[in-house]
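Step one of this worksheet: look at the structure below.
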Amino acid sequence: MHAKRWEMKSCMLPAMLLAALVTASLLSTGCTLHIGNDRLGGSGMNRFAPGTPYPCRVVHVTDGDTLRVAFPGGNEETVRIVGIDTPEVTPEGNEPSSFAGISDPWFLSAWGKEASSILRREVEGGVVTITTDRAAGERDRYGRLLAYVHTANRTDVGELLLSQGLARVYTKESFGRRAHYLDIQDRAMSNRIGVWSGMVPSPLQQSGIFIAAVHYDAAGDDRFNLNDEYITLGNEAGYPITLTGWQVRDSDGFCYILPETALLPGGRLVLHTGPGTDSGTEIFMGSPTPVLNNDGDTVTVHDAAGTEISRFAW
670 MHAKRWEMKS CMLPAMLLAA LVTASLLSTG CTLHIGNDRL GGSGMNRFAP GTPYPCRVVH
730 VTDGDTLRVA FPGGNEETVR IVGIDTPEVT PEGNEPSSFA GISDPWFLSA WGKEASSILR
790 REVEGGVVTI TTDRAAGERD RYGRLLAYVH TANRTDVGEL LLSQGLARVY TKESFGRRAH
850 YLDIQDRAMS NRIGVWSGMV PSPLQQSGIF IAAVHYDAAG DDRFNLNDEY ITLGNEAGYP
910 ITLTGWQVRD SDGFCYILPE TALLPGGRLV LHTGPGTDSG TEIFMGSPTP VLNNDGDTVT
970 VHDAAGTEIS RFAW
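Residue 823 in my numbering sits at position 154 of the sequence shown; the count goes up by one each step and never skips.
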């Protein structure tokens, strides 16, 4: 599914500001707000039209990706921010395999607390809008409302947390902004921002070469956008490393042998799945079909002797 960036035309901004002011007034008086056919007040489980922004007030931030909101009629909902997952605030709550390349639950816990703190600073006590996603569905298995959250200044909270390296894309669910969110995650991982600063890219032989990021879910139909599926290699050594004859493999048997090339210190080399013209920073592997599985795979890099140098799983 092709994910589009959430946009609002400038002519709509006054209306949104007015809605926020009206909502704040209604919240303070305890009135019930009617939006379309939904009555967001009283008791019971509400229905939310996908793509429609609903103003509400944040009464509590549970953790980095979950919050409690109140609607004008007094009804409250627990909202799970759709498409992202932040580390848990307790070490025992973190699974070593949840964040690629990070196995220390205490390290993850520290960044989970940071994510909670940032979310609390951005939204707690303030008026936000929530928007459900048709592809994700309205609720998760725990009954929590799945929604994008935007602040009064239109900041996409999920995008904010991903850009600061405080969350990962939750790829076990489908949602409209998935490809866009993966792009943001890739940049954060490549630049070692936030939680990704502790990513150990498994340089098994300490060669300096590692898999910095994997963009496995191309925008739209992967079959028709092969070069938006790519693997990024990095060089942490203080000297150039020749990669001629090195291999890139995945768990389904794909194997690509790198042509004559070298990676400079601190450099990045992007390996695209499809055909194209190679350059100093990009190589096109020429596959006629997608290679990387969207629902889970493992990529490994091997030197010319076949020794595994780096591993990346999702």
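We put the CB at the ideal spot given by N, CA and C, even for glycine.
Alpha carbon of residue i to alpha carbon of residue j, nearest angstrom
| i | j | result |
| --- | --- | --- |
| Pro944 | Ser956 | 7 Å |
| Ala836 | Leu851 | 11 Å |
| Leu940 | Thr755 | 28 Å |
| Arg708 | Val797 | Because the pLDDT at Arg708 is just 45, under 50, the model does not fix this residue reliably, and the point stays unresolved. |
| Gly711 | Phe740 | Here the model assigns Gly711 a pLDDT of 42, short of 50, so the residue's position is not dependable and the matter cannot be decided. |
| Thr901 | Leu961 | 13 Å |
| Gly781 | Val758 | 5 Å |
| Val748 | Arg789 | 14 Å |
| Phe717 | Gly762 | 31 Å |
| Gly742 | Arg726 | 11 Å |
| Leu814 | Val728 | 15 Å |
| Asp734 | Asp809 | 13 Å |
| Pro722 | Thr731 | 22 Å |
| Gln854 | Glu745 | 31 Å |
| Glu842 | Val738 | 23 Å |
| Gly827 | Arg937 | 27 Å |
| Asp897 | Arg847 | 13 Å |
Buried or exposed by the 16-neighbour rule on C-beta atoms within 10 Å, applied to residue i
| i | result |
| --- | --- |
| Gly770 | buried |
| Val917 | buried |
| Asp919 | buried |
| Ser948 | exposed |
| Trp775 | exposed |
| Thr801 | buried |
| Ala816 | buried |
| Pro959 | buried |
| Ile978 | buried |
| Gly889 | exposed |
| His893 | Correcting the residue identity first, residue 893 is Phe in this sequence and not His. Its Cβ having fewer than 16 others within 10 Å, Phe893 is exposed. |
Rounded distance between the beta-carbons of residue j and residue i, thought under 8 Å
| i | j | result |
| --- | --- | --- |
| Ala805 | Leu831 | With 8 Å as the limit, Ala805 and Leu831 do not qualify as a contact, their Cβ atoms being about 16 Å apart. |
| Asn904 | Gly877 | 5 Å |
| Thr930 | Thr913 | 6 Å |
| Val895 | Thr942 | Here residue 895 turns out to be Leu, not Val, going by the sequence shown. Leu895 to Thr942, Cβ: 5 Å. Contact. |
| Ile910 | Leu932 | 5 Å |
| Thr820 | Gly795 | 7 Å |
Any chain D beta carbon closer than 8 Å to residue i
| i | result |
| --- | --- |
| Pro719 | In summary, chain D is missing from the structure at hand, where a single protein chain is found. |
Residue range of the alpha helix (DSSP H) that includes residue i
| i | result |
| --- | --- |
| Glu783 | Pro774 to Val792 |
| Asp852 | Arg847 to Ser859 |
| Gly943 | Here Gly943 belongs to no alpha helix (DSSP H), and DSSP marks it neither H nor E. |
| Glu828 | Val826 to Ser832 |
Beta-carbon proximity of residue i to residue j, cut-off 8 Å
| i | j | result |
| --- | --- | --- |
| Ser859 | Ala887 | no |
| Pro934 | Ala973 | no |
| Val818 | Ile750 | yes |
| Tyr885 | Asn963 | yes |
| Phe981 | Val968 | yes |
| Ser778 | Pro760 | yes |
| Arg803 | Pro719 | yes |
| Gly965 | Phe844 | no |
Extent of the continuous beta strand (DSSP E) to which residue i belongs
| i | result |
| --- | --- |
| Leu814 | Leu814 to His819 |
| Leu902 | Tyr899 to Asn904 |
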